[in-house]
Each structure stands twice: as structure tokens, then as C-alpha cells.
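Heads up: the structure comes next, in C-alpha cells.
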Amino acid sequence: MPLLNALDTLIEALKRLPGVGQKSAQRMAYHLLQHDRTAMPRLADALTAASEGIRHCERCHTFSEAPICGVCADTERDGRLLCVVETPADQAALERTGSYRGYYFVLLGRLSPLDGVSTREIGAAELLVRASEAGVGEVILATSFTAEGEATAHVLAEALRVRGIKSTRLARGVPVGSELEYVDLGTIAHALTDRR
Ligand SMILES: [Zn+2]
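Residues in the sequence shown are numbered from 1 upward in steps of one, following UniProt numbering.
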């Protein structure tokens, strides 16, 4: 493989971001070099700090700089509710609605056998342990309304049921095929209230 020069290396690195193709990556690289040089070391520093400082909460698996995240550490929340989401972004979307006061468990993915994502990768065993803790009365399955998100909710609901743990699913109203993080807050809040 030929060695890349600095510009090509930058473009290749930017292309790793979701939704960024060759053209956008080139535009970003040229923009930085031509118009915003000072942003470059700041961007580099922020990436290094995030990469080194952000880990996963030991309890819910969301992003956290501390071993236990702020939500899990908040004793004022409703310990009877445990909401299962696919990503930290989905968790943030639910938090923004302001209508949920329970705790979370973040799968960091969804079941996708073709991509090699099994129950192990999404931490299903850890979820079952967490859901079995005293005081948890309901597990709200807030995975996305995509085929894989639905399959994930189904598998988890069954695993919870055989352990005698009640689970509910976000109500329909969230458009089919949607990722929670892109759904408007009112719709999420309703889907949460009308869960069944
Ligand atoms: Zn946490």
C-alpha cells in the first residue's frame, strides 16, 4: 500500500465519520487548511481528550468520564424503572424529553446476526443481572423501530419474561424504521407514556 501524504491521511480519517464521503471529507480538509487553521489543533486535542478520557459507565454502559455515570449516580431517580436503549444518543434523546426519571441500560448496538452482533455484544447478560436487582419493577424496551430494533426488543422481552421480570415496549407512534435519536421529543414522550 502506498504511503499517504498528510492531506490524504486527513481526508481518509474524516471519511470514517458517519455520512461523510470523499467529497465532504475533502471539503472539510480544505476548509480547515484554508480558513480555520486554529481549529485544527483544538480538534486534535478534543479528539485525544475524548478518546483517552471517555469510557463506559460500569453500570449502564453509556459514555462516562467517571466509572459510574451521572445518571446512575443520581439517587433521586426512580429505581423501579429501567429503560433499555440502543445508543448513548438515544439515551440523550429520552433525557431531553424530561418525561423519564428512571435509570437506563445502553446496549451499544442491536441484534444483527448478519453483522455478527449477538446477545453477547449488546450485553444482554449484564442487562439481565441489572434488571434482576431488587427494586426494579419494569424494564422499558426503547430500542428503535427498525426490524433489528424490534427483533432485539422481542428477544430481550422473552429473556426477561422467563425470569419473571416485567417488560414494556415504547408505544407505536414512533415512525416505523426510525432511530430514536432522530424522533422529535413530543413523539418520544408520548411513546413513553403510552408504553405497553
Ligand atoms: Zn450509568
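Note that CB positions come from ideal geometry on N, CA and C, so glycine has one too.
- Placement of the Cβ of residue 59 at a distance of less than 8 Å from at least one heavy atom of ligand 1 is found.
- Under DSSP, residue 56 shares a beta bridge with 63.
- Contact between residue 65 and residue 53 holds: CB atoms are separated by about 5 Å, below the 8 Å threshold.
- In this structure, residue 130 and residue 171 do not form a Cβ contact; the two beta carbons are roughly 24 Å apart against a cut-off of 8 Å.
- For residue 30, the enclosing alpha helix (DSSP H) begins and ends at 22-35.
- Secondary structure at residue 70: helix, using DSSP grouped into helix, strand and coil.
- Inter-residue distance for residue 124 and residue 134 is about 18 Å (C-alpha atoms, whole angstroms).
- In the pairwise beta carbon analysis, the segment 104-111 is classified as touching the segment 80-89: at least three pairs are separated by under 8 Å.
- With respect to residue 111, residue 157 sits apart: the two C-beta atoms are not nearer than 9 Å.
- Residue 122 sits in coil when the DSSP states are folded into three classes, being neither helix nor strand.
- Taking C-alpha positions only, residue 144 is separated from residue 51 by approximately 27 Å.
- Residue 163 is positioned such that its CB atom lies closer than 9 Å to that of residue 132.
- At least one heavy atom of ligand 1 lies less than 8 Å from the C-beta of residue 68.
- The beta-carbon distance between residue 103 and residue 82, rounded to whole angstroms, is 5 Å. This is short enough to meet the 8 Å contact definition.
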